[in-house]
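Chemist: Residue numbering for the sequence shown is 1 to 193, as defined by full-length UniProt numbering.
Every residue, glycine too, gets a C-beta built ideally from N, C-alpha and C.
Nothing here was measured: the structure is a model prediction, and the numbers come from that model.
Once you've had a glance at the structure underneath, I'll fire off some questions.
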Amino acid sequence: MTHSTEHRTPGEKTAHIGLVPWADADFDLLLKNNAPEMTAHLGGPETLDQLMDRHRRYLALSTLDGHGRMFRITAGPDAPAAGSIGYWATPWQGERIWETGWGVLPGYQGRGIAAAAARLVAAHAAADRARLRHLHAFPAVDHRASNGVCRSAGFTLRGPCDFEYPKGRAIRCHDWHLDLRTLSRASSRSGTP
């Protein structure tokens with residue numbers, strides 16, 4: 001099942017942003033997202049074993065009801081992958097929340113694709129059977145592009161925080177959140193899924 005939306009940025013043709021559930025063939029996308037320039041704010045590239053483990057976790061999310069989902073981002077019908085995005089359950093400050101994260105390949109950055117994909121993934125999280133109230137994103141405080149994605153996608157900045165990513169490595173992040181109940185009510189009023 002593919003979900004898509006049209007997204008237009010000033011001076012650009014309409015892009016059809018789609019989310020395609022993560023599949024075994026998407027391992028190559030993990031390799032591309034593992035480049036030093038893509039992981040600079042995340043502690044650097046992972047080893048091949050770590051990537052294989054991550055790929056297995058992404059595939060498993062699709063089989064575990066109420067645990068989240070990973071997607072390949074597409075920027076048009078039959079277009080190659082533009083990146084990845086997903087959401088997963090995690091504990092945060094005494095609450096079970098959805099966390100989201102993304103990686104958009106360099107050739108697709110700066111075109112509003114990540115923000116459009118974040119809005120689509122928020123709709124998925126709002127409709128998920130787990131019915132968690134909040135979707136959070138934790139970009140590094142100095143990662144201007146990802147903080148801009150959060151702002152453009154409608155998230156609200158709660159402030160700086162310390163966050164562990166990867167396990168064992170604390171980074172200073174911004175805690176952005178989106179109240180999914182508000183999103184669900186808006187979708188039901190407009191008739192969109």
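I'd like the span of the beta strand (DSSP E) that includes L61, first residue to last.
Modeler: Run containing L61: none in the beta strand (DSSP E); it sits in the alpha helix (DSSP H), 48 to 61.
Chemist: Buried or exposed for I17, please, with buried defined as at least 16 other CB atoms from any protein chain shown within 10 angstroms of its CB.
Modeler: buried
Chemist: May I have the straight-line CA-CA distance separating A75 from A81, to the nearest angstrom?
Modeler: If you take the alpha carbons of A75 and A81, they lie about 7 Å apart.
Chemist: Which same chain residues end up closer than 6 Å to W176 when comparing Cβ atoms and leaving out the 5 residues on each side of it in sequence?
Modeler: A137, C150, F155, L157
Chemist: With 16 other CB atoms within 10 Å as the buried threshold, where does T63 fall?
Modeler: exposed
Chemist: Between the region 89 to 103 and the region 66 to 75, do at least 3 Cβ pairs fall closer than 8 Å?
Modeler: yes
Chemist: Decide if H7 is buried, meaning its Cβ has at least 16 other Cβ atoms within 10 Å, or exposed.
Modeler: Unreliable positioning characterises H7 in this predicted model, as indicated by a pLDDT of 44, which lies under 50. A coordinate reading is not provided.
Chemist: CB-CB under 6 Å to I85, same chain, minus the five flanking residues each way: which ones, in chain order?
Modeler: F71, I73, W102, A117, V121
Chemist: Could you check what DSSP says for H67 in three-state terms: helix, strand or coil?
Modeler: coil
Chemist: Figure out for me which residue from A145, G83, F163, R129 has the closest Cα to the Cα of L19.
Modeler: G83
Chemist: Starting from R144, trace the alpha helix (DSSP H) in both directions and tell me its first and last residue.
Modeler: 144 to 152
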